[in-house]
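Have a look at the structure below, then the notes.
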Amino acid sequence: MPELPEVETLCRQLRQVILGRRLLSVEVLDERLGPPPAVAGLAVRQVVRRGKAVALLFHGGVAWKIHLRMTGRLLWETDYGLPVDHLRLICHFDGGRLLLIDPRRFATVDFDDEAGPSGPPDPFAAEDPAGLRREAARRRLPVKAFLLDQRLFPGIGNIYAGEILFAAAVDPRRPARDVTQEEWERIARAARAILREAVRARGTTVSDWRDLFGRPGEYQHRLKVYDRRGGPCPRCGGEIVREKVCGRGSYHCPRCQR
DNA sequence: TCCCATGTTGCTAA
DNA sequence: GTTAGCAACATGGG
15 MPELPEVETL CRQLRQVILG RRLLSVEVLD ERLGPPPAVA GLAVRQVVRR
65 GKAVALLFHG GVAWKIHLRM TGRLLWETDY GLPVDHLRLI CHFDGGRLLL
115 IDPRRFATVD FDDEAGPSGP PDPFAAEDPA GLRREAARRR LPVKAFLLDQ
165 RLFPGIGNIY AGEILFAAAV DPRRPARDVT QEEWERIARA ARAILREAVR
215 ARGTTVSDWR DLFGRPGEYQ HRLKVYDRRG GPCPRCGGEI VREKVCGRGS
265 YHCPRCQR
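Each residue of the first sequence is one higher than the one before, counting from 15 in the numbering used here.
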């Protein structure tokens, strides 16, 4: 479910509530997550995003990495008592509880993360279009699949990849190596703008995304193509089509995305 | 009943 | 080596 803007939203909100707070105890309710870790008593030193994952860095050198996959949610709860469905993990901090909720149980928590103090650079932040084109030069897979490569663009997911390609007017099925320099420039520009705006809007709620405090995001109101099959293209009025690209539901306007 | 799902991994085969 | 396709993970919604 969550892509870069949603995970970034969680990280920012987590910093508001758990930075410097002490972790008192941990309850693992789903054995798939592994045995409960022995970090009780440690205070949170830093919260960083690693692509689509949240890393909690504790004093003492311990780090956790939380990946929400499709349906994982993090919820900060100060008002205890309401029963919560699909609760998988409870972290008791001084001041509140951090809950991991996940109906499909795909989310993972690495209680022994080894990665460093900072996350990978934001996709497109430093990437120059010439570098993108070089990277794509030998790849004939669809440009959308290329954008979903987490090693190259950590945090980009299906919704935002589709929106970025729409904004750049590039057909998601185009082989990556055929994308021109000028198109890479448009893609990089669109990616920066869309991701920034989506973070500002606290993410996209099309089904069940909620932020750390249970509120839906706002970016769904600004999606141009995702989940809009049959609708008019906001740019040219053409009909938006849905088509599988690299095994994922994909939306584009065949009239103005070339 | 069937199809779909904002993610990732691992396998098989071309 | 690259890529496509599929299944798996497990559940809920339309």
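For each residue, glycine too, the CB sits at the ideal point set by N, CA and C. Note that this is a predicted model, so its numbers are computed, not measured.
Discussion item. Tell me the DSSP secondary structure of Asp225 in three-state form.
Written reply: In the first sequence, the residue the question calls residue 225 occupies position 211. Three-state DSSP puts Asp225 in coil, outside helix and strand.
Practice prompt. Report the residue from Ala183, Val42, Pro49, Ala151 whose alpha carbon sits nearest the alpha carbon of His100.
Written response: Residue mapping note: residue 100 aligns to position 86 of the first sequence, counting from 1. The candidate whose alpha carbon is nearest that of His100 is Val42.
Fill in: One or two residues paired with Arg111 in a DSSP bridge
One-based indexing of the first sequence puts residue 111 at position 97. Looking at the DSSP assignment, Arg111 forms a beta bridge with Glu91, His106.
Worksheet item: From Ser198 to Asp241, what distance separates their C-alpha atoms?
Response: Taking the first sequence and counting its residues from 1, the one referred to as residue 198 is at position 184. Taking the first sequence and counting its residues from 1, the one referred to as residue 241 is at position 227. The sequence given here places Trp at residue 198; Ser does not occur at that position. Distance between the alpha carbons of Trp198 and Asp241: 25 Å.
Practice prompt. Could you tell me the boundaries of the beta strand (DSSP E) in which Ile178 lies?
Written response: Position 164 of the first sequence holds residue 178. Looking at the DSSP string, Ile178 is not in any beta strand (DSSP E); the run it does join, the alpha helix (DSSP H), is 172-181.
Worksheet entry | For Arg63 and His266, the rounded distance between their alpha carbons | Position 252 of the first sequence, counted from the first residue, corresponds to residue 266. Position 49 of the first sequence, counted from the first residue, corresponds to residue 63. Taking the Cα positions, His266 is about 29 Å away from Arg63.
Worksheet item: How close, in whole Å, do the beta carbons of Arg111 and Tyr94 come, if the pair is a contact with beta carbons under 8 Å?
Response: For the purposes of this step, residue 111 is taken as residue 97 along the first sequence, with counting starting at 1. For the purposes of this step, residue 94 is taken as residue 80 along the first sequence, with counting starting at 1. Right, the Cβ-Cβ distance comes to about 7 Å (below 8 Å), so this counts as a contact.
Practice prompt. Work out the CA separation of Arg224 and Arg36 for me, nearest whole Å.
Written response: If you number the first sequence from 1, residue 36 lands on position 22. If you number the first sequence from 1, residue 224 lands on position 210. Straight-line Cα distance between these residues: approximately 25 Å.
Discussion item. For Arg2, tell me which candidate among Lys158, Gly251, Thr194 has the shortest Cα-Cα distance.
Written reply: In this structure the chain extends from 15 to 272, so residue 2 is not present and cannot be described.
Discussion item. Am I right that Phe138 and Ala202 are in contact with their C-beta atoms under 8 Å? What's the rounded C-beta distance?
Written reply: Position 124 of the first sequence, counted from the start, is the residue given in the question as residue 138. Position 188 of the first sequence, counted from the start, is the residue given in the question as residue 202. Indeed they touch by this definition, with Cβ atoms about 5 Å apart.
Item to complete: Taking the CB atoms as reference points, tell me whether Val58 and Leu24 lie closer together than 8 Å.
Response: Locating residue 58 in the first sequence gives position 44, where the first residue counts as 1. Locating residue 24 in the first sequence gives position 10, where the first residue counts as 1. No, the Cβ-Cβ distance between Val58 and Leu24 is not below 8 Å.
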